[in-house]
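Visitor: For reference, the structure I am asking about is given below.
Protein chains: 2
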Amino acid sequence: MKNTSKNLADLFSEQHPRSYKKGQIIIRPDDTSNGIFYLEKGHVKSYSLTEQGEQKNHIIYKTGDIFPLIRSFIPTNRSVFFETIDNSTLKMMEKEYFFTTIKADAQILFEITKKIIEIMKTHIERLDGLEYTKANSRIIDYLLFLADHFGKRKGKKILIEVPITHKDIADSTAISRETVSREIEELKRKKLIGDKNKYILIKNIKKLERELKLQSDPKRL
Amino acid sequence: MKNTSKNLADLFSEQHPRSYKKGQIIIRPDDTSNGIFYLEKGHVKSYSLTEQGEQKNHIIYKTGDIFPLIRSFIPTNRSVFFETIDNSTLKMMEKEYFFTTIKADAQILFEITKKIIEIMKTHIERLDGLEYTKANSRIIDYLLFLADHFGKRKGKKILIEVPITHKDIADSTAISRETVSREIEELKRKKLIGDKNKYILIKNIKKLERELKLQSDPKRL
DNA sequence: CGATAGATTGATCACCTTCAACTGCCGTGG
DNA sequence: CCACGGCAGTTGAAGGTGATCAATCTATCG
Chain A
980 MKNTSKNLAD LFSEQHPRSY KKGQIIIRPD DTSNGIFYLE KGHVKSYSLT
1030 EQGEQKNHII YKTGDIFPLI RSFIPTNRSV FFETIDNSTL KMMEKEYFFT
1080 TIKADAQILF EITKKIIEIM KTHIERLDGL EYTKANSRII DYLLFLADHF
1130 GKRKGKKILI EVPITHKDIA DSTAISRETV SREIEELKRK KLIGDKNKYI
1180 LIKNIKKLER ELKLQSDPKR L
Chain B
980 MKNTSKNLAD LFSEQHPRSY KKGQIIIRPD DTSNGIFYLE KGHVKSYSLT
1030 EQGEQKNHII YKTGDIFPLI RSFIPTNRSV FFETIDNSTL KMMEKEYFFT
1080 TIKADAQILF EITKKIIEIM KTHIERLDGL EYTKANSRII DYLLFLADHF
1130 GKRKGKKILI EVPITHKDIA DSTAISRETV SREIEELKRK KLIGDKNKYI
1180 LIKNIKKLER ELKLQSDPKR L
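Protein chains in written order, with this note's numbering: chain A, 980 to 1200; chain B, 980 to 1200.
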């Protein structure tokens, strides 16, 4: 047993990696198993469903993140799904072992707390972005959010390296897919964004940020 | 120095209480001071502002909560305000002392982590509620959210014991104040909610939950 | 290669914002 | 203590934004 973990990767180093294909559900609301997952490679989205079966996307987890946090730490009504959107590699640890280990070591526990805070920050940014009342503002804000979290600089441009569909954007911003399609088209027409091998490319982030401010301004030309 | 803290109240027990009047801003984005606040009595709302100065409400903190979490744990762009909506009592601890103390004691650190998870859960519920596309669904979901977090059972009814205005609901759900006014009126007409000394009273929570499911159903009569 | 899911485009119309005018309420200062 | 100012709430009318429906097209995957 290794008690010298200094970070999350160390903590999970002894666990064997598990491969998941794109689109596999890792955790469902009714799951009785209670492992803690560490995402080594790929991306996982969390979401709930409406009565009509529409997805309401929460966030996208990436390398170094852990989940599920809420149901692991406190007893709660489970309503959230975790599903890969990539071919992904995860590691899993039994809840009991996880808690025994972290409760015994303030240092690793502090690292986990910082990771939790980081994931909470992501949720707050999403919450904040959803409070724009105009559809195009919510879309632009979400693109800026994705650029910040998954963007890789390519010169002056930013490539959003996460497989995201218009449907995902729609399910993340409370907008219909058709409207997302039209707004994205408009942003491409304005040369603010583009495509690059299946990923969204931000061509001019400064202008895109300016566009967000203009969109919410009722007094724009 | 007291090292026997078993919970948050203990941890802050040595700090002297500070009184704030309703409407006072405790933390602004540009604040350089970096204390951690423990809310002993009252309510504090967190929010950001749009370019046009509109409030985007995040959550309402209550007795036993601590803030600000994000800016205390990780370096970040500050854009969030914390403001009392009640006459409130808080305790404050210097950031350095706070971190020295919790890093030295896994037990109190674990208590704080659980509190953080609880506050994260609140944010996720808000995020999820904002993903309803219809205004009346978002309002009903928000009322159910308030009932769950601040409601006191009065027989079969639930009194939401937090001073909340229609403007607050509007700023929390990305809806105009006028529409909130009309929808609340409609819910009163249906006898689902009412008033009781300035607070919102949920008269029939089961029916209100059913109303939420109906609202989002396009095939309703 | 067929099936399924996502994307596109156009037309229609409902929902909700906006604007405006008015009322009510509360805290503050003279 | 009253008057005032400002913010919150109410109500009505009008117009725009974005949802919905439908038809077609494309991409992906077994």
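C-beta: ideal position from N, C-alpha, C; glycine also.
Flag B/Phe1016 as yes if its beta-carbon sits less than 8 angstroms from any beta-carbon of chain A, otherwise no.
Guide: no
Visitor: With a cut-off of 8 angstroms, does the C-beta of A/Glu1097 fall near any C-beta of chain B?
Guide: yes
Visitor: Which residues in the same chain have their Cβ closer than 7 angstroms to the Cβ of A/Ile1098, if we skip the five residues on either side of it in sequence?
Guide: Asp1044, Leu1048
Visitor: My output table needs one value for B/Ser1012: the three-state DSSP class, helix, strand or coil.
Guide: coil
Visitor: Below 8 angstroms on C-beta distance, what does A/Leu1088 contact in chain B?
Guide: Here the neighbours are Ala1085, Leu1088, Phe1089, Thr1092.
Visitor: In chain order, what residues of the same chain have a beta carbon less than 7 angstroms from the beta carbon of A/Arg1007, not counting five sequence neighbours either side?
Guide: Close CB contacts of A/Arg1007 within its chain, under the 7 angstroms cut and outside five residues either way in sequence, are with Phe1060 (chain order).
Visitor: Measure the C-alpha to C-alpha separation of B/Leu990 and B/Ile1181 and round it to an integer number of angstroms.
Guide: 36 angstroms
Visitor: DSSP state of B/Val1141, grouped into three classes?
Guide: coil
Visitor: Does B/Arg1156 have its Cβ less than 8 angstroms from a Cβ in chain A?
Guide: The beta carbon of B/Arg1156 does not come within 8 angstroms of any beta carbon belonging to chain A, so the residue lies off that interface.
Visitor: Does the contact criterion of 3 or more C-beta pairs under 8 angstroms hold for the region 995-1007 of chain A versus the region 1075-1094 of chain A?
Guide: no
Visitor: Taking CB distances under 8 angstroms as the criterion, tell me whether A/Ser992 reaches chain B.
Guide: no
Visitor: What are the residues of the region 1099-1129 of chain B that lie near chain A, defined by any Cβ-Cβ distance shorter than 8 angstroms?
Guide: Taking 8 angstroms as the upper bound on Cβ-Cβ separation, chain A lies near residues Met1099, Lys1100, His1102, Ile1103, Arg1105, Leu1106, Asp1107, Leu1109, Glu1110, Tyr1111, Thr1112 of the region 1099-1129 of chain B.
Visitor: Per DSSP, what kind of secondary structure is B/Tyr1166 in: helix, strand or coil?
Guide: It is Leu, not Tyr, that sits at residue 1166 of chain B in the sequence shown. Per DSSP, reduced to three states, the secondary structure at B/Leu1166 is helical.
Visitor: So what's B/Glu1073 in DSSP terms, helix, strand or just coil?
Guide: strand
Visitor: Here's a check: name, in chain order, each residue in its chain whose Cβ is nearer than 8 angstroms to the Cβ of B/Lys1070, leaving out the five neighbours to either side.
Guide: Phe991, Gln994, His995, Pro996, Arg997, Phe1016, Tyr1017, Glu1019
Visitor: What three-state label does DSSP hand B/Lys1100 in the structure shown?
Guide: helix
Visitor: Relative to the C-alpha of B/Asn1013, which candidate in B/Ser1160, B/His1037, B/Asp1120, B/Phe1046 has its C-alpha closest?
Guide: Per the Cα distances, B/Phe1046.
Visitor: B/Val1159 bridges to which residues according to DSSP?
Guide: According to DSSP, which records beta bridges pairwise, B/Val1159 is partnered with nothing at all.
Visitor: A/Leu1048 versus chain B: which residues are under 9 angstroms apart at the beta carbon?
Guide: Neighbours of A/Leu1048 in chain B, taken as residues whose beta carbon is under 9 angstroms from its own, are Ile1096, Met1099, Lys1100 in chain order.
Visitor: Please classify A/Gly1032: does DSSP put it in a helix, a strand, or coil?
Guide: In the structure shown, A/Gly1032 sits in coil (DSSP, three-state: anything other than H, G, I, E or B).
Visitor: In angstroms, rounded to a whole number, what distance separates the CA positions of B/Arg1161 and A/Lys1133?
Guide: Cα-Cα distance, rounded: 49 angstroms.
Visitor: Taking Cβ to Cβ, would you say A/Glu1062 is nearer than 8 angstroms to A/Lys1024?
Guide: yes
Visitor: Is the Cβ of A/Thr1055 closer than 8 angstroms to any Cβ of chain B?
Guide: Output row for A/Thr1055: interface = yes.
Visitor: Can you list, in chain order, the residues of its chain whose CB lies under 7 angstroms from that of B/Gly1173, leaving out five sequence neighbours each side?
Guide: Lys1167, Leu1180, Lys1182
Visitor: Using the three-state DSSP reduction, which class does B/Lys1186 fall into: helix, strand or coil?
Guide: It is helical.
Visitor: Find the residues of chain A that neighbour B/Lys1192, judging by a C-beta separation of less than 8 angstroms, and give them in chain order.
Guide: Scanning chain A for C-beta atoms nearer than 8 angstroms to the C-beta of B/Lys1192 yields Glu1030, reported in chain order.
Visitor: Spell out whether any CB of chain A is found under 8 angstroms from the CB atom of B/Ser1027.
Guide: yes
Visitor: Give a yes or no on whether the minimum CB-CB distance between A/His945 and chain B is below 8 angstroms.
Guide: Outside the shown range of chain A, which is 980 to 1200, sits residue 945 of chain A, and nothing can be said about it.
Visitor: Which residue or residues does DSSP assign as beta-bridge partners of B/Val1023?
Guide: B/Tyr1040, B/Thr1063
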